[in-house]
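Residue numbers (UniProt numbering): 1 to 117.
Notes follow once the structure below has been shown.
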């Protein structure tokens with residue numbers, strides 16, 4: 001039962017995270033275009049998606065074997081939150097583009113190579 005739930009969660013994450021990355025790219029584009037209200041509105045959903053994704057990856061690690069570097073994740077999220085708190089849209093964009101997307105892409109690429117346990 002638990003294995004089935006883990007498999008289902010991994011499958012869902014492999015469908016969802018690429019969509020989340022598209023959403024991240026939209027936030028970045030909104031910021032680049034000076035559309036900060038739109039960026040902020042979408043950023044709320046992106047943060048919710050990040051929360052779910054990190055939990056899904058962490059909880060299903062026994063199945064896929066990908067070790068999420070939680071120190072890196074936490075540091076990236078701190079940077080993102082600092083950008084949000086200070087309305088530093090360049091920091092938000094850079095954090096999403098160069099840190100958070102890399103973390104999510106690393107997981108997707110690992111799983112797509114078929115290296116599941």
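Idealized CB from N, CA, C, for every residue including glycine.
Values in this document were obtained by computation on a predicted structure and should not be read as measured data.
Contact under 8 Å by Cβ, residue i with residue j
i: residue 5; j: residue 53; result: no
i: residue 10; j: residue 111; result: yes
i: residue 76; j: residue 103; result: yes
i: residue 17; j: residue 101; result: no
i: residue 89; j: residue 36; result: yes
i: residue 27; j: residue 39; result: yes
i: residue 31; j: residue 92; result: yes
i: residue 58; j: residue 50; result: no
Limits of the unbroken alpha helix (DSSP H) element including residue i
i: residue 84; result: 70-85
i: residue 106; result: 101-112
i: residue 61; result: 61-64
Residue environment, residue i, which counts as buried when at least 16 other CB atoms sit within 10 Å
i: residue 79; result: buried
i: residue 87; result: exposed
i: residue 60; result: buried
i: residue 95; result: buried
i: residue 119; result: For the chain, the structure presents residues 1 to 117; residue 119 sits outside this window and is missing.
Backbone secondary structure at residue i - three-state DSSP
i: residue 34; result: coil
i: residue 88; result: coil
i: residue 26; result: helix
i: residue 67; result: coil
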